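Asker: Protein chains in written order, with our numbering: chain D, 186 to 449; chain X, 186 to 449; chain E, 26 to 341; chain G, 27 to 312; chain V, 27 to 312. The beta carbon of each residue, even a glycine, is placed where N, CA and C say it ideally should be. These figures come from a predicted structure and were not determined experimentally.
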Amino acid sequence: MKLHPARLLFLQVLVAVAALAIWHIGATVPIGGDYLLPEFFFSKPWDVLARVVELFVSGTIWKHLWITLTETVLAFLIGSIGGVVIGFWFARKPVVAAVFDPYVKMVNALPRVVLAPIFMLWLGLGIWSKVALGVTLVFFIVFFNVYQGVKEVSPVVLANARMMGMNERQLFRNVYWPSAMSWMFSSLHTAVGFALVGAVVGEYLGSSAGLGYLIHQAEGVFDVTGVFAGMFILAAFVLVIDWVVTRVEKRLLVWRPQAASEQN
Amino acid sequence: MKLHPARLLFLQVLVAVAALAIWHIGATVPIGGDYLLPEFFFSKPWDVLARVVELFVSGTIWKHLWITLTETVLAFLIGSIGGVVIGFWFARKPVVAAVFDPYVKMVNALPRVVLAPIFMLWLGLGIWSKVALGVTLVFFIVFFNVYQGVKEVSPVVLANARMMGMNERQLFRNVYWPSAMSWMFSSLHTAVGFALVGAVVGEYLGSSAGLGYLIHQAEGVFDVTGVFAGMFILAAFVLVIDWVVTRVEKRLLVWRPQAASEQN
Amino acid sequence: EIEKPNLTLGVGGKPLLYYLPLTLAERLGYFKDEGLTVEINDFGGGSKSLQALIGGSVDAVTGAYEHTIRMQDKKQDIRAVIDLGRYPGIVVGVSKRKADTIKSVADLKGAKIGVTAPGSSTYILVQYLMIKNGMSPDDASFIGVGSGASAVAAMQKGEIDAISHLDPVISKLQDMGELTVLVDTRTTAGTEAVFGGMNPAAVLYFKESFIKANPNTVQALTNAFYKTLKWLEKATPEEVAATVPQEYWLGDKDLYIKAFNATREAYSTDGNINEASMKSALNLIATTDPKIDPAKIDLSKTFDGSFLAKAKAATN
Amino acid sequence: MTATARAMTAEAPAGAPLAVALDDISISFAIKGRPVFKAVAPTSLHVNEGEFVAIVGPTGCGKSTLLNATAGLLAPAGGTVSIFGEPLVGLNARAGYLFQQDALMPWKTALDNVAIALEIGGLRRLEAQTQAREWLKRVGLARFTERYPHELSGGQRKRVALAQMLIRQPKILLMDEPFGPLDAQTRQIMGTLLLRLWAQDRKAVLFVTHDLEEAIALSDRVVIMSAGPEARIIGDYPIDLARPRDAAEIRLDPRFHALHRTIWNQLKAEVAKTYGDELAAEEVSS
Amino acid sequence: MTATARAMTAEAPAGAPLAVALDDISISFAIKGRPVFKAVAPTSLHVNEGEFVAIVGPTGCGKSTLLNATAGLLAPAGGTVSIFGEPLVGLNARAGYLFQQDALMPWKTALDNVAIALEIGGLRRLEAQTQAREWLKRVGLARFTERYPHELSGGQRKRVALAQMLIRQPKILLMDEPFGPLDAQTRQIMGTLLLRLWAQDRKAVLFVTHDLEEAIALSDRVVIMSAGPEARIIGDYPIDLARPRDAAEIRLDPRFHALHRTIWNQLKAEVAKTYGDELAAEEVSS
Ligand SMILES: Nc1ncnc2c1ncn2[C@@H]1O[C@H](COP(=O)(O)OP(=O)(O)OP(=O)(O)O)[C@@H](O)[C@H]1O
Ligand SMILES: Nc1ncnc2c1ncn2[C@@H]1O[C@H](COP(=O)(O)OP(=O)(O)OP(=O)(O)O)[C@@H](O)[C@H]1O
Ligand SMILES: [Mg+2]
Ligand SMILES: [Mg+2]
C-alpha cells in the first residue's frame with residue numbers, strides 16, 4: 186500500500202490546490218449575498234501569495250525568520266531535553282513522581298499568555314523570554330510521553346537486562362531510552378509545532394522582531410493579508426523542522442518492523 | 186516502593202509549604218536591596234490566598250468557574266474524540282495519512298492567538314469560540330499519540346485477531362483501541378491542561394465571563410493578586426478534571442501488569 | 026421604541042482609564058435608565074473588538090476613532106456617534122537613565138522605544154512625532170512591550186530607552202519615578218502642541234447598517250454616554266474612584282486618583298467631533314501609513330452627529 | 027524438483043479439491059542494506075481435505091514462513107497458494123492459526139480471549155462465554171478463566187490460544203509448535219483432544235513440531251523441510267498407522283519405530299548440513 | 027515435608043557452601059479482586075556448586091516462578107533464598123537467566139544483543155563483538171549476526187538468548203526451557219555445548235525442561251514438582267550415569283531407560299492429578 190512518491194506529491198498538491206480554490210471562491214463569490222470567507226478576515230489566496238513573495242524578495246523577512254528560527258529551535262531543544270530528563274527521572278523514582286504529580290499538572294494548566302510578563306521580567310525582552318514560553322509548552326508534551334514510555338518498557342526485556350548486570354546508566358542507554366523512543370518521537374512531532382507557537386506568541390506579546398512581531402504589526406493595522414502571509418511562512422517553516430525530526434527518527438528507529446497496522 | 190497515602194500527602198503538603206515559603210521570602214525580604222520576587226509582579230502568598238477565599242465567599246467566582254468548566258470539558262471532549270477518530274483513521278489509511286501529513290503539521294504550528302478572531306467570526310462570542318480554541322490544542326496532542334499508538338500494536342496479536350476473522354470495526358474495538366489506550370491516556374493527561382489553557386486564552390482574548398476574563402481584568406489594572414488568585418483556582422481546577430481522567434484510566438487499564446520500571 | 030434592548034458591546038481593555046466612561050455608564054446605571062441591557066465583552070485589544078464588530082458578534086464598540094477611518098479604506102462602513110476622549114491620552118516619555126541624553130523627540134534617533142504593540146496607536150504616534158521632526162521611523166527601533174505589567178518590567182529593567190504608552194502604565198512609571206515625560210497628549214496643552222487642536226481618541230462606534238436598522242437603540246446608547254460625560258465633567262476624583270470597582274484602583278487609591286487627574290482633561294465634555302479634529306486624526310494616520318490616501322477618505326462618513334444632537338436636546 | 031514434490035501428493039483423491047495447495051512458492055525477505063534473503067526456494071505442498079500433515083525441519087528453515095504464506099499473512103515472492111481450489115486473496119478466512127509466539131490479547135481475560143473468537147461471528151456474549159468456559163475446561167484451565175495472559179504460565183497461555191483457535195472449528199488448522207511449552211503428559215492429552223476434533227469433521231491440519239514422535243503419532247503424512255536458506259520440502263512420508271490411535275500406545279508399535287528411524291535419519295542428515303561448517307566442527311573438537 | 031526435601035540433598039559435600047539454597051520458600055500472587063493465589067507452597071531446593079539440576083513438572087506448576095525467585099526477580103512470600111551461603115538481597119548478580127519468553131532487545135542486532143552482555147562488564151566494544159561473533163557461531167548463527175530479533179525465527183532467537191547468557195560465564199545458570207523451540211538434533215548439539223561449558227568451570231545449573239530424556243541425559247539430579255497450586259518438590263532423583271556423556275549415545279544405555287521409567291511414572295501420576303477432574307474425564311468419554 187505504499188504510494189509512489191510522485192503520486193503522493195501529486196495528491197498533496199491536489200489538496201493544496203483544492204484548499205486554495207475553496208478559499209478563493211469563499212472570498213470572492215458571494216453566496217446568498219454573504220461571503221463565506223469575508224476578505225476582511227481571510228484576505229485572498231492570491232494576495233497572500235503575492236505578499237509572501239514580496240516579503241522574500243524585499244528581504245525584510247530574513248531577519249525575522251532567523252530570530253524566530255533561533256527561538257523555536259532553542260525552545261524545542263531545551264523543552265524536549267528537559268522533558269526527557271525529568272520524564273525519565275520521574276518514571277524511575279515513583280516517590281518523586283507521586284509527590285510532584287499534582288504540581289506538574291497544575292503548572293501545565295497555567296495559561297502561558299499570563300506568564301509572559303513574568304518571563305519578560307526575568308529574562309528580558311530578548312529571545313530568551315520567547316524561548317521560555319516555548320519551553321513551557323514543549324516540556325509538558327515531551328515529559329508526559331517519556332514518562333509513560335518508560336513505564337511501557339517490556340517487563341521481560343527489562344528483567345533480562347537487569348539480570349545481565351546493567352546498572353542504572355546502562356539500563357537507560359540500552360533499555361529505557363530505545364524503548365521509550367517511539368513515544369518520545371511521537372511527542373516531538375507535536376512539540377515542534379508548539380515550540381513555534383510558543384516563540385510566536387512570545388513575540389506577539391512583546392518583541393522587536395520575529396514572525397510574531399510581523400503578524401502582530403499587521404494585525405494592528407488590520408492587514409489580514411500580512412497576517413496570513415506570516416502564518417503561511419510559519420507553517421512552511423515548521424515542515425522543515427519536522428522533516429529534520431523525522432530524519433533523525435528514521436535513523437534511530439531502523440530496528441523496527443514495519444508497523445503492523447499498515448501491512449495488508 | 187509504594188508510599189503510604191498519608192505519608193504521600195504529607196510530602197506533597199511539604200512541597201507546597203516550601204514553595205509558598207520561598208515565594209513569601211522572595212516577596213518580602215529584600216536581598217541586596219532588591220526583592221527576588223517583587224510584589225508588583227508576584228503579589229504575596231497570603232494576599233493571594235485571601236483573595237481566593239474572598240472570591241469564593243462573595244460567590245462571584247462561581248459563575249466564571251462554571252463557564253470555564255463548561256468550555257474546558259467541551260474542548261477536552263471534542264478535541265480528544267476528534268483526535269482519537271482522526272488518529273485512528275490516519276493510522277489505518279496510510280495513503281490518507283501520507284497526503285495530509287504536511288497539512289496537519291502546518292495547522293498545528295499556527296499560533297492560536299491569531300486564530301481567535303476567526304473563531305469569533307464563525308462561532309460568535311459565546312463559549313463556542315473558546316471551545317474551538319481549546320479543541321485546536323487538545324486535538325493535535327491526542328491525534329499524534331493515537332496515530333502512533335495504533336502503529337505500535339503488536340504485529341502478532343493483530344495477525345491473530347485478523348485470522349479470527351475480525352472485521353475493521355471489531356479490530357478497532359478489540360485490538361487497536363485497547364492497545365492504543367495507554368498512548369491515548371498519556372496524551373489525555375497533557376491535553377487536560379491544554380484544554381483549560383485554550384479556554385482561558387479564548388476568554389482572555391474576548392469574553393464577558395470566565396476565569397480568563399477575570400485574569401484579564403485584573404491584569405489591566407496591575408492587580409497581580411487577582412491574576413495569581415485566578416491562576417491558582419485554575420490550577421486547582423485542573424487537578425479535579427485530571428483526577429476524573431485517571432479514574433477512567435485505572436478502570437479501563439485493569440488488565441495491565443504493574444509497570445516493570447517501578448518494580449524493584 | 027428600542028429595537029434591540031439587549032446589546033453586546035465590545036471593548037479592548039475595559040479597566041483602562043481610556044475607557045473610563047464605559048465603566049461609569051455601566052456603574053451609574055445609565056444603560057438601564059435608557060431601557061438597555063448591555064453585555065460588555067472585553068477583548069485582548071482594540072483591534073480584536075473591532076474585528077468582533079465586523080464579524081457581527083458585537084453590536085457596538087468603544088474604541089479608537091482612528092478605526093473608522095481605517096475601515097473606510099477597507100470598505101467597511103463604521104461610524105462613530107459620540108466622542109468619549111478628545112485627546113489621544115498617549116504619553117511619550119524616557120527612562121530616567123536616559124533623561125540626560127534624550128531631551129526632545131529629536132533625540133529619539135537610535136533609541137529603543139517601547140510601544141504597546143507594533144501597529145497600535147502608541148506606535149503610530151511616535152512615528153508621527155518622528156516624521157514631524159524630520160526623521161524617518163526607521164531611525165529608532167520599536168519594541169512591543171504589551172499593555173500591562175510587562176511594560177513596567179521592560180522600563181524597570183532598562184530594556185527600553187523610551188516608551189509610548191497609556192495609563193495606567195504611565196502613571197505607575199511616574200509614580201515609581203522611572204519616567205521623564207516628553208510628550209503628553211492627555212492634556213489640552215500637550216495635545217495642542219502636537220496636533221494644533223483636538224484629536225479624538227475613544228469613541229462609540231457602530232456599523233452603518235446597524236445604525237440604520239436600530240436608530241432608537243443607537244440613540245439610547247448615545248444618551249447614556251452623553252449623560253455619563255456630563256456626570257464626569259462635574260465629578261470629583263473621589264466620586265469617580267468610588268464609582269468604579271475597587272479592583273480598578275491599581276492596588277492603591279492615591280495612585281488611581283493621580284492617574285485620573287492626569288487624564289481628566291482628555292475626556293470629552295460634549296461628545297462632539299469637529300471637522301478640524303477629524304482632519305487631524307486623518308493626517309496622523311496618513312503620515313505614518315503610506316497605504317492610506319487621504320483624498321479617498323470621506324470624513325463625513327466617519328462620524329454621525331445626529332444622535333448626539335438629539336441627546337443634547339433631550340438633556341438640556 | 028517440483029515434479030517430484032508434486033508426485034508426493036499423488037495419493038489424493040482426484041475429485042475433491044485440495045484443501046491447501048502451495049505450488050512452486052518461494053518466499054523472500056527484504057532486509058535493509060543487504061541482499062534479499064531467500065527463505066523458501068520454489069517448493070510445493072498439497073494437503074487434502076481432512077488430511078493431517080506434520081511439518082518437521084531444522085530450526086530456522088522456514089516452517090513458520092510456510093504457515094504464514096498459507097494463512098495469507100505473507101505474500102509469496104513467486105508461485106501460487108490455493109485454498110479449496112481457489113487462489114488465495116488476502117487472508118485465509120477458512121483457516122485457524124495457532125502462532126508460535128504469544129498472540130493472546132493482553133487486555134482480555136483467558137475467558138474473553140476465547141469467547142471473542144465466537145463473538146465476532148455474531149454469537150451472543152453470554153452464549154460465547156458458556157462455550158468458551160467449556161473449551162477452557164477441555165484444555166485444563168477451568169480454574170484460570172478470569173486470569174489475564176500475564177498472570178498465566180507459558181504453557182497455560184499456549185493452551186488458551188489452542189482453545190481460542192479450536193472453538194471456531196475452522197476447516198483448516200495451521201499450528202506452529204502448539205504443544206512446545208507443555209510437559210510430555212499434557213502434550214499427549216492435548217494431542218488426543220486434537221485428534222478427536224479432527225476426526226469429527228474432516229479438517230485439514232498443517233502441524234509444525236520439533237517432536238518427531240509426536241509428528242508420527244498424530245499425522246497422516248510427515249513432511250521434511252531442508253535447512254534454509256532456500257529451504258525446500260525434501261521428504262514426504264505417509265504414516266500408515268491405523269486410526270483411531272492412542273497417543274501413548276502407538277509409540278510401542280514396531281511400525282512406528284521403523285517410520286521413526288527412517289525419517290529421523292533423513293532429518294539428522296539435514297540438520298547436520300546446517301551446522302556442517304560451524305557446529306559439527308565444534309562438536310568434534312570437544 | 028521440608029525435612030524430607032532437605033534430606034534429598036544430603037549427598038552434598040559438607041564443607042563448600044551451596045550454590046543455591048531455597049529454604050521453605052513459598053510464593054504467592056495477588057490478583058485483583060480474588061483471593062491470593064498460592065503458586066508455590068513452602069518447599070526447599072538445594073543446589074551444590076557445580077551441580078546440574080533439571081526441574082520437571084506439569085505445565086503451570088511453578089517452575090518459572092521458582093527460577094524467578096532464585097534470580098531475585100520475585101520476592102518469596104516466605105522462606106529464604108541463599109546464594110553461595112549468603113542470603114539473597116535484590117537481584118542475583120552471580121546468575122545468568124535464560125527466560126522462557128523472548129527477552130532480546132528488539133532494537134539491537136543479534137550481534138549487539140550478545141556483545142552488550144560483555145560491554146556492560148566494561149569490555150571494549152570491538153573485543154566484545156569479536157567474542158560475540160564467536161558465540162553466535164557456536165550456536166549456529168554465524169550468518170545471522172546482523173539481524174534484528176524480529177527478523178529471526180523462534181529457534182534462532184532462543185539461540186541468540188542462549189549465547190547472550192553463556193558469554194558472561196555466570197556461576198549459576200538458570201535456564202527455562204532453553205531448547206524448547208529447537209528441533210531434536212539441534213537440541214542435542216546445544217546440550218553437548220552446554221555440558222562442555224559446564225564441565226570447564228563447575229557452574230551450578232537449574233534447568234527447566236519438559237523433555238524428560240533431555241533432563242536425564244544432561245543432569246546430575248532430576249527434581250519433580252507437583253501440580254499447582256501450592257506446588258512442592260515431590261521427587262528428587264540422582265542421575266548416576268557416567269560423565270562425560272554423549273547426548274545421543276546415552277539414550278541407548280539401559281540405566282537411562284530404568285531411570286526414565288521410574289521418573290516418568292511419578293510424573294505421569296502427578297499430571298493425571300492436575301487434570302483429574304477435567305481432562306481425564308474428557309479423555310475417557312472420547
Ligand atoms: N521478517 C524477517 N526478515 C528476515 N528474515 C526472516 C524474517 N522472518 C524469518 N526470517 C528468516 O527466514 C528463515 C525461516 O524463518 P521461520 O521463522 O520460517 O523458521 P522456522 O522454520 O519457523 O524456525 P523455528 O523452528 O526456529 O521457528 C529464517 O532463517 C529466518 O531468519
Ligand atoms: N503474575 C502472576 N499472577 C498470578 N498468577 C501467576 C502469575 N505468574 C504465574 N502465575 C501462576 O502461578 C503458577 C505457576 O506459574 P509458572 O509460570 O511458574 O508455571 P511453570 O511451571 O513455569 O509453567 P509452564 O511450564 O507452563 O511454563 C501458574 O498457575 C500461574 O497461573
Ligand atoms: Mg517458527
Ligand atoms: Mg514457565
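Kindly indicate which residue of G:225, G:126, G:192 has the alpha-carbon position closest to the one of residue 157 of chain G.
Answerer: As a working mapping, residue 157 of chain G is identified with position 131 in the fourth sequence. Looking at the Cα atoms, G:192 is the closest of the given residues.
Asker: Secondary structure at residue 38 of chain G, three-state DSSP: helix, strand or coil?
Answerer: Residue mapping note: residue 38 of chain G aligns to position 12 of the fourth sequence, counting from 1. Because the pLDDT at residue 38 of chain G is just 46, under 50, the model does not fix this residue reliably, and the value given afterwards should be weighed accordingly. Reduced to three states, the DSSP call for residue 38 of chain G is coil.
Asker: Run the proximity test for residue 163 of chain V: is its beta-carbon closer than 8 Å to any non-hydrogen atom belonging to ligand 1?
Answerer: Sequence index remark: in the fifth sequence, residue 163 of chain V carries index 137 (1-based). Checking the Cβ of residue 163 of chain V against ligand 1 gives no.
Asker: Measuring only the C-alpha atoms, how far is residue 242 of chain E from residue 266 of chain X?
Answerer: For this step, residue 242 of chain E is matched to residue 217 along the third sequence. For this step, residue 266 of chain X is matched to residue 81 along the second sequence. Cα to Cα, residue 242 of chain E sits roughly 43 Å from residue 266 of chain X.
Asker: Which whole-angstrom value is the C-beta distance of residue 105 of chain G and residue 68 of chain G, which I expect to be below 8 Å?
Answerer: Counting from one through the fourth sequence, the residue named residue 105 of chain G turns up at place 79. Counting from one through the fourth sequence, the residue named residue 68 of chain G turns up at place 42. Confirmed, Cβ separation roughly 6 Å.
Asker: The beta strand (DSSP E) that contains residue 314 of chain V, what's its start and end?
Answerer: Past the edges of chain V, shown from 27 to 312, lies residue 314 of chain V, and the structure says nothing about it.
Asker: How about residue 218 of chain X: is its C-beta nearer than 9 Å to some C-beta of chain E?
Answerer: Taking the first residue of the second sequence as position 1, residue 218 of chain X is located at position 33. False, the Cβ-Cβ gap to chain E never drops below 9 Å.
Asker: State whether the segment 222-241 of chain G contacts the segment 87-94 of chain G, with contact taken as three or more CB pairs (one from each stretch) at a distance under 8 Å.
Answerer: Touching, yes.
Asker: Quick check on DSSP: helix, strand or coil for residue 415 of chain D?
Answerer: Looking up residue 415 of chain D in the first sequence gives position 230. The answer is helix: DSSP assigns residue 415 of chain D an H, G or I state.
Asker: Going along chain D in order, which residues have a C-beta closer than 9 Å to the C-beta of residue 132 of chain V?
Answerer: Here residue 132 of chain V corresponds to residue number 106 of the fifth sequence, with the count starting at 1. What residue 132 of chain V touches in chain D: 339, 342, 363, 364, 440, 441, 442.
Asker: Run through the segment 223-265 of chain X for me and flag every whole alpha helix (DSSP H) of 4 or more residues, listed as ranges in chain order.
Answerer: Counting only runs of 4 or more, we get 224-227, 230-243.
Asker: Going by C-alpha distance, which of G:82, G:255, G:261, G:96 is nearest residue 210 of chain V?
Answerer: In the fifth sequence, the residue the question calls residue 210 of chain V occupies position 184. Here the closest residue by C-alpha is G:82.
Asker: Counting contacts by CB-CB distance shorter than 9 Å, is residue 194 of chain G in contact with chain X?
Answerer: Reading the fourth sequence from its first residue, position 168 is the one you call residue 194 of chain G. With 9 Å as the cut-off, residue 194 of chain G counts as an interface residue toward chain X.
Asker: Evaluate contact between the segment 284-299 of chain D and the segment 419-435 of chain X, counting only Cβ atoms and requiring at least three cross-stretch pairs below 8 Å.
Answerer: Enough Cβ pairs lie closer than 8 Å, so yes.
Asker: Compare the C-beta of residue 40 of chain E against all C-beta atoms of chain D and say whether one is closer than 9 Å.
Answerer: Here the question's residue 40 of chain E lines up with position 15 in the third sequence. It does not; no Cβ of chain D falls within 9 Å.
Asker: Alpha carbons only, please: which of X:391, X:372, X:226, X:313 is nearest the one belonging to residue 332 of chain X?
Answerer: Translated into the one-based positions of the second sequence, residue 332 of chain X becomes position 147. Minimum Cα distance to residue 332 of chain X is reached at X:372.
Asker: If you drop the 5 nearest sequence neighbours on each side, which residues of the same chain put their C-beta closer than 8 Å to that of residue 297 of chain V?
Answerer: Indexing the fifth sequence from 1 puts residue 297 of chain V at position 271. Same-chain partners within the cutoff: 84, 253.
Asker: Can you tell me which residues form a DSSP beta bridge with residue 230 of chain E?
Answerer: Within the third sequence, residue 230 of chain E is the residue found at index 205, counting from 1. Answer by DSSP bridge pairing, in chain order: E:86, E:105.
Asker: Where residue 327 of chain E and residue 316 of chain E are concerned, what is the direct C-alpha to C-alpha distance, given to the nearest angstrom?
Answerer: If you number the third sequence from 1, residue 327 of chain E lands on position 302. If you number the third sequence from 1, residue 316 of chain E lands on position 291. Their Cα atoms are separated by approximately 19 Å.
Asker: Is residue 348 of chain X near ligand 1, going by C-beta to nearest heavy atom under 8 Å?
Answerer: Sequence index remark: in the second sequence, residue 348 of chain X carries index 163 (1-based). Answer for residue 348 of chain X: no, Cβ out of range of ligand 1.
Asker: Buried or exposed for residue 102 of chain G, going by 16 or more other Cβ atoms inside 10 Å?
Answerer: On the fourth sequence, residue 102 of chain G is found 76 positions in, with the first residue counted as 1. Residue 102 of chain G is buried by the Cβ-count criterion.
Asker: I think residue 76 of chain G touches residue 228 of chain G, with their Cβ atoms under 8 Å apart; what is that distance to the nearest whole Å?
Answerer: Counting from one through the fourth sequence, the residue named residue 76 of chain G turns up at place 50. Counting from one through the fourth sequence, the residue named residue 228 of chain G turns up at place 202. Rounded, the Cβ-Cβ distance is 3 Å, consistent with contact.
Asker: Between X:436, X:411, X:275, which lies nearest to residue 273 of chain E when the distance is taken from Cα to Cα?
Answerer: Taking the first residue of the third sequence as 1, we reach residue 273 of chain E at position 248. If we check each option's Cα against that of residue 273 of chain E, X:411 comes out closest.
Asker: Closer than 9 Å, CB to CB, is residue 272 of chain D near chain V or not?
Answerer: Against the first sequence, residue 272 of chain D aligns to sequence position 87. Not one chain V Cβ lies under 9 Å of residue 272 of chain D.
Asker: In chain X, what lies closer than 9 Å to residue 55 of chain G by C-beta?
Answerer: Taking the fourth sequence and counting its residues from 1, one reaches residue 55 of chain G at position 29. In chain order: nothing, as chain X lies at least about 14 Å away.
Asker: Can you determine whether any heavy atom of ligand 1 sits closer than 8 Å to the C-beta of residue 87 of chain V, and answer yes or no?
Answerer: As a first step, residue 87 of chain V is located in the fifth sequence; it is residue number 61 there, counting from the start. Checking the Cβ of residue 87 of chain V against ligand 1 gives no.
Asker: Kindly indicate which three-state DSSP category residue 139 of chain G falls into: helix, strand or coil?
Answerer: Stepping through the fourth sequence from its first residue, residue 139 of chain G is reached at position 113. Helix at residue 139 of chain G.
Asker: Please state the DSSP three-state secondary structure of residue 114 of chain G.
Answerer: Taking the fourth sequence and counting its residues from 1, one reaches residue 114 of chain G at position 88. Coil, per DSSP.
Asker: With DSSP as the reference, please indicate the residues paired to residue 64 of chain G in a beta bridge.
Answerer: Locating residue 64 of chain G in the fourth sequence gives position 38, counting from the first residue. Note: residue 64 of chain G sits in a beta bridge opposite G:54.
Asker: Evaluate the contact criterion for the segment 255-275 of chain X versus the segment 368-386 of chain X: three or more CB pairs, one atom per stretch, below 8 Å.
Answerer: Contact holds: three or more Cβ-Cβ distances are below 8 Å.
Asker: How about residue 107 of chain V and residue 198 of chain V: do their beta carbons lie closer than 9 Å?
Answerer: In the fifth sequence, residue 107 of chain V corresponds to position 81, counting from 1. In the fifth sequence, residue 198 of chain V corresponds to position 172, counting from 1. Not closer than 9 Å, so no.
Asker: Measure the C-alpha to C-alpha separation of residue 32 of chain V and residue 289 of chain V and round it to an integer number of angstroms.
Answerer: On the fifth sequence, position 6 is the one that residue 32 of chain V refers to. On the fifth sequence, position 263 is the one that residue 289 of chain V refers to. Its pLDDT being 39, under 50, residue 32 of chain V is placed unreliably by the model, and the measurement read from it follows with that caveat. Spanning the two alpha carbons is a distance of roughly 19 Å.
Asker: Give a single yes or no on whether residue 57 of chain V has its beta carbon closer than 8 Å to a heavy atom of ligand 2.
Answerer: By 1-based counting over the fifth sequence, the position of residue 57 of chain V is 31. Indeed, a heavy atom of ligand 2 lies less than 8 Å from the Cβ.
Asker: Helix, strand or coil, according to DSSP, for residue 361 of chain X in the structure here?
Answerer: Your numbering for residue 361 of chain X matches position 176 in the second sequence. Three-state result, residue 361 of chain X: helix.
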